[in-house]
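Engineer:
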Amino acid sequence: MTIKATIIDEAGINRTITRLAHEILEKNKGGENIVIIGMRTRGEFLAKRLETKIEEITGRDVILGILDVTLYRDDFRMRLKQPEVSVTNITFDINERDVILVDDVLYTGRTVRAALDALMDMGRPSSIQLCVLIDRGHRELPISAQYVGKNIPTSINEEVKLKMKEIDTEDAVYLIESP
Amino acid sequence: MSLSSKHLIGLKNVPKEDIELILDTATTFREVLERPIKKVPTLQGKTICNLFFESSTRTRLSFELAQKRLSADTINFSTSTSSTKKGETFKDTVRNIEAMKVDMIVVRHESAGVPEYLTRISQANIINAGDGRHEHPTQALLDMYSIREKLGKLKGLKVCIVGDIAHSRVALSNIYGLQAVGAKVTLCGPKTMIPREIENLGVKVIHDIDKAISEHDVLNVLRIQLEREAGSTIPSLREYHNYFGITSERLEKNNRDVLILHPGPINRGVELSSEVADGPYQIILNQVTNGVAIRMAVLYLLGTRP
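In order, the protein sequences belong to chains A and B.
Here the working numbering is used: the first residue of the first sequence is 6, the next is one more, and so on.
Here the working numbering is used: the first residue of the second sequence is 152, the next is one more, and so on.
(1) Measure the Cβ-Cβ separation of V310/B and V332/B and say whether it is below 8 Å.
(2) Taking just the CA atoms, how far does P192/B sit from L221/B?
(3) So for T208/B, helix, strand or coil by DSSP?
(4) Output, in chain order, the set of chain A residues within a Cβ distance shorter than 7 Å of T178/B.
(5) Determine, using beta carbons only, whether L410/B and K301/B come nearer to each other than 8 Å.
(6) Is it the case that the Cβ atoms of L194/B and G454/B are separated by a distance below 8 Å?
(7) Tell me, please, which residues DSSP counts as bridged to Y394/B.
(8) Consult DSSP for N371/B and reduce its assignment to one of helix, strand or coil.
(9) Along the alpha helix (DSSP H) that carries I95/A, what are the first and last residues, could you check?
(10) For A317/B, list the residues DSSP reports as bridge partners.
(11) Taking 8 Å as the CB-CB cut-off, is M169/A touching chain B?
(12) Roughly how many angstroms separate the alpha carbons of E37/A and D108/A, rounded to a whole number?
(13) Give the C-beta separation of T21/A and K155/A to the nearest angstrom, bearing in mind that I take them to be a contact with Cβ-Cβ under 8 Å.
(14) Since I411/B is in the beta strand (DSSP E), which residue starts that stretch and which ends it?
(15) So what does DSSP say about S262/B, is it helix, strand or coil?
(16) For S425/B, is the classification buried or exposed, using 16 other Cβ atoms within 10 angstroms of its Cβ as the cut-off for buried?
(17) Name, please, each residue of chain B whose Cβ falls closer than 8 Å to the Cβ of M127/A.
(18) Please confirm if E101/A has its CB atom under 8 Å from at least one CB of chain B.
(19) Counting beta carbon pairs with one atom in the segment 399 to 416 of chain B and one in the segment 365 to 381 of chain B, are three or more of them shorter than 8 Å?
(20) Output the boundary residues of the alpha helix (DSSP H) element that contains S425/B.
(21) Mind checking who F241/B pairs with in its DSSP beta bridge?
(22) Indicate whether at least one CB of chain B lies closer than 8 Å to the CB of Q134/A.
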């Protein structure tokens, strides 16, 4: 694993989250009806930061949930390793709410497909909007994000890795050469 | 992380890591059971056969529900309506079911060793839902899950299994499972209901119910199995209740913090007084809810194992 480039550094991540928060509030007319749902694992921490930022801007509490999509994946029969499941924590009603679904990197779109199915099993939100820090292209499904931190054209031999202080030692996004 | 075996026959020699993986995975499914739509698509396209050669309410319904909530296709077999009545051998029955392309078989049988035998004649994942007096692993797993949910841990807990140990497969699975995760196991019951040399498994044996209540964190109270000739090992049910039955008075006198489990079905007024069976010490219905989550976890871990 060799790092080819730093795509965003710590200050950059902070600025990007601030911009995404403003965009979300603008599109949702102040965001009174929004709930934020982060996808495990890194999307969870990103969502938490987005929540803090939106609360700072609006002075209102924002509801935050965590979604684990493992049970909805489409690649069980093809995997060599069994994915570890963890617990979804959405204790509120998503009916009639505007759900902001948060993930770190948008790639094939398959994880988002799984998340959409999972959310539909929990209720009928007014809308689901996708917010990602990085869009690296190579979609295999007709899915696109409303809020994108940064578009990065990549080759399929590369990997985009988000590091977050909550579980890693630093805040950064790296472009990595896959082994 | 995945399980070390493709079958679940018993908890004997199952590594601690496997047991903890099943218990942790069950937490995920416990959350699914609280949702408005209690169903996930994880085992779509898998076919599971429930092969019940012995009567069962809880276990069969629990397995069926777990399978449906994982979106698996299920077929059910019970001896009363099948061709075994026409004299078909067990092996032929299983071969025929397998020819229908099933991925997993859940089996209950009155003879110990049948699930183990199935692993040799079938390609499917085999899950033991109770075989004779041998093991009933998913029951022990749900007991352990329920204890952990209530008391926050298993390691170091003192658990006493009370009642008809000799006729019980639940007892054996509990002993193996609890010991694997570091709990201390004691058995309590009349001498006629405790097998000789069972101490070799590393358990303590006592015959005093007051001591069982006062010296343990958890009592797992077994059913007196009237259908398995338990009647011949005790003089009468009434006498059993007088010596070993758990009543509110006994609990209040000895230990107000003890947790009571029972695998069901309860013989009210025999192993538990009705007051205890409905009272604040027991978690019998939690066990039933957790049973679905545990079975979902086992089916998921075996069914998606690489």
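Positions of the beta carbon are idealized from the N, C-alpha and C atoms, including for glycine.
Structural biologist: Looking at the coordinates:
(1) Contact: no.
(2) Taking the straight line from one Cα to the other gives about 6 Å.
(3) In the structure shown, T208/B sits in coil (DSSP, three-state: anything other than H, G, I, E or B).
(4) At a C-beta separation below 7 Å, T178/B has these neighbours in chain A: V92.
(5) In this structure, K301/B lies closer than 8 Å to L410/B by Cβ.
(6) Contact flag set, yes.
(7) DSSP output for Y394/B lists no bridge partner at all.
(8) DSSP places N371/B in strand when its eight states are reduced to three.
(9) Run containing I95/A: none; DSSP gives neither H nor E here.
(10) Bridge partners of A317/B: none, in fact.
(11) Residue-level contact by beta carbon fails for M169/A and chain B, as no gap is shorter than 8 Å.
(12) C-alpha separation (whole angstroms): 21 Å.
(13) Your pair T21/A and K155/A checks out as a contact, with CB atoms roughly 7 Å apart and the cut at 8 Å.
(14) DSSP places I411/B inside the beta strand (DSSP E), whose first and last residues are L410 to L412.
(15) Coil, per DSSP.
(16) By the neighbour-count rule (16 or more Cβ atoms within 10 Å), S425/B is not buried but exposed.
(17) The answer, in chain order, is R186, P187 and I188.
(18) No, its Cβ sits nowhere closer than 8 Å to a Cβ of chain B.
(19) Contact holds between the segment 365 to 381 of chain B and the segment 399 to 416 of chain B, because three or more Cβ pairs, one in each stretch, are under 8 Å apart.
(20) It spans S425 to A428 - the alpha helix (DSSP H) in which S425/B sits, taken as one unbroken run.
(21) The partner list for F241/B (beta bridge, DSSP) is empty, contrary to what the question assumes.
(22) For Q134/A, the answer is no, since every Cβ of chain B falls outside 8 Å of its Cβ.
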